[in-house]
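**Student:**
In the working numbering, the protein residues as written are 1111 to 1269.
#1: Of the choices 1119, 1157, 1131, 1118, whose alpha-carbon is the least far from that of residue 1211?
#2: Please report the residue range of the alpha helix (DSSP H) in which residue 1159 lies.
#3: Just curious, the alpha helix (DSSP H) that residue 1260 is in, first and last residue?
#4: So within the segment 1111-1154, which uninterrupted beta strand (DSSP E) runs reach at least 3 residues, ignoring any that extend past its ends?
#5: Using DSSP with H/G/I as helix, E/B as strand and the rest coil, what is residue 1220?
#6: Return the CA-CA distance between residue 1283 and residue 1188, expressed in angstroms with no decimal places.
#7: Could you have a look at residue 1201 and say whether DSSP puts it in helix, strand or coil?
#8: Would the segment 1252-1262 count as touching the segment 1120-1139 if we require 3 or more Cβ pairs under 8 Å?
#9: Provide the residue span of the beta strand (DSSP E) that contains residue 1225, from first to last.
Structure follows, in structure tokens:
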């Protein structure tokens, strides 16, 4: 496929609730990228996950590419992109105009195909068992991912 051909396709992106997406992203990150730290994510709180996340984000902020964490993986550098989801919702520096709010995939399918059935696998790893999040943690998440919260509100949520 050439670039010109892609422009003829409808491009879709998925928008998740920012706090849910933050904890999903960093729970996955801790389970995989930080495996060498031997953290049992099932034994820590969401505030602990956030604390680790904020340390990583602050570390990346000092680099040429904020939100990009570089780790060694099998002898090579692996770059993990921890950017706000608004980063992913663009194409050629323009916002994607077909955004589906997770988990409303059925609405998208009905619009596109007239059918509401879709098979997909959602990979769920270990997650923290304590679901309480302090107000301080929520405010810090909102600071790092402000654009995501703005977009979420634009779609009519959490006003």
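Cβ coordinates follow ideal geometry from the N, Cα and C atoms, glycine included.
**Tutor:** Result, derived from the coordinates:
#1: 1131
#2: 1156-1171 is the extent of the alpha helix (DSSP H) around residue 1159.
#3: 1256-1264 is the extent of the alpha helix (DSSP H) around residue 1260.
#4: 1122-1125
#5: In this structure, residue 1220 counts as helix in the three-state DSSP scheme.
#6: The structure shown does not extend to residue 1283, since the chain spans only 1111 to 1269, so no value can be given for it.
#7: strand
#8: Contact holds: three or more Cβ-Cβ distances are below 8 Å.
#9: For residue 1225, there is no enclosing beta strand (DSSP E), since its DSSP letter is neither H nor E.
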